[in-house]
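In UniProt numbering, the protein residues as written are 1 to 151.
Worksheet: one structure, shown below.
If you want it as C-alpha cells, here you go:
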C-alpha cells in the first residue's frame with residue numbers, strides 16, 4: 001500500500017488519449033480519479049469536489065488552467081502542472097508550483113504526487129513559501145526521468 005492509495009485526484013487534461021493514459025497511471029497508483037477535459041468542467045469540480053491532489057494540464061485548447069489553480073490554492077489542495085513546455089511555459093505567478101514534464105510517465109508522476117502529500121501545498125510566487133523541497137533524497141544521476149522541482 002502506498003501513500004497515494006485511495007487518494008482522490010482531479011485530473012485536468014483536454015486530450016482524450018492523454019487523459020486516458022494519465023488516468024490509467026493514477027488508477028495503477030491506487031488513486032480515485034475524476035477527469036475534467038474542459039475548463040468549465042474543471043472549475044465546477046474544483047469548486048464542489050473534495051480532492052486530495054490535482055494534476056493540471058496547463059494548456060486546455062485555447063485557454064489555460066490557471067483559474068482552476070487559483071481555486072485549488074484557495075482550498076489548500078496540493079497540485080502540480082503537467083506541460084511539455086516545462087517551468088518556462090508557466091506564468092510568473094505559478095512558478096513555485098511543481099511541474100511534471102509531459103509526456104506523462106508513471107515514475108515521475110508518483111514521485112511528485114507523493115512529494116505533494118508529504119509537503120506544504122504550493123503557493124503563488126510572492127506569497128511566501130517557494131519551491132517545495134524534495135524529501136526523496138534521489139540524486140539527479142539516479143533519476144531515470146526529468147522532474148523540474150527536485151533539489
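Quick reminder that beta carbons are idealized off the backbone N, C-alpha and C, glycines included.
Residue j and residue i - do their beta-carbons sit closer together than 9 Å?
{"i": "residue 77", "j": "residue 10", "result": "yes"}
{"i": "residue 117", "j": "residue 98", "result": "no"}
{"i": "residue 54", "j": "residue 44", "result": "no"}
{"i": "residue 110", "j": "residue 18", "result": "no"}
{"i": "residue 89", "j": "residue 58", "result": "yes"}
Express the C-alpha separation of residue j and residue i in angstroms, rounding to a whole number.
{"i": "residue 46", "j": "residue 107", "result": "26 Å"}
{"i": "residue 83", "j": "residue 75", "result": "23 Å"}
{"i": "residue 42", "j": "residue 92", "result": "22 Å"}
{"i": "residue 12", "j": "residue 100", "result": "13 Å"}
{"i": "residue 15", "j": "residue 70", "result": "22 Å"}
{"i": "residue 114", "j": "residue 2", "result": "9 Å"}
{"i": "residue 40", "j": "residue 63", "result": "11 Å"}
{"i": "residue 151", "j": "residue 52", "result": "Residue placement at residue 151 is poorly supported in this model, since its pLDDT is 38, which falls under 50; the coordinates are not used for a value here."}
{"i": "residue 94", "j": "residue 72", "result": "12 Å"}
{"i": "residue 119", "j": "residue 96", "result": "13 Å"}
{"i": "residue 38", "j": "residue 23", "result": "15 Å"}
{"i": "residue 48", "j": "residue 34", "result": "12 Å"}
{"i": "residue 85", "j": "residue 28", "result": "26 Å"}
Just checking my contact of residue i with residue j at CB under 8 Å: how many whole Å lie between their CB atoms?
{"i": "residue 6", "j": "residue 32", "result": "7 Å"}
{"i": "residue 56", "j": "residue 68", "result": "6 Å"}
{"i": "residue 155", "j": "residue 21", "result": "The shown model of the chain, from 1 to 151, leaves out residue 155, and the question about it has no answer."}
{"i": "residue 50", "j": "residue 8", "result": "7 Å"}
Per DSSP, residue i is paired with what?
{"i": "residue 8", "result": "32"}
{"i": "residue 82", "result": "57 and 100"}
{"i": "residue 64", "result": "59"}
May I ask you to check if the CB of residue i is nearer than 8 Å to at least one heavy atom of the ligand FMN?
{"i": "residue 69", "result": "Looking for the ligand FMN in the displayed structure turns up nothing, as the structure carries no ligands at all."}
Exercise. If you scan the stretch 11-42 from start to end, which runs of the alpha helix (DSSP H) of 4 or more residues do you find wholly inside it?
Worked result: If we require 4 residues or more, the alpha helix (DSSP H) runs fully inside the stretch 11-42 come out as 16-28.
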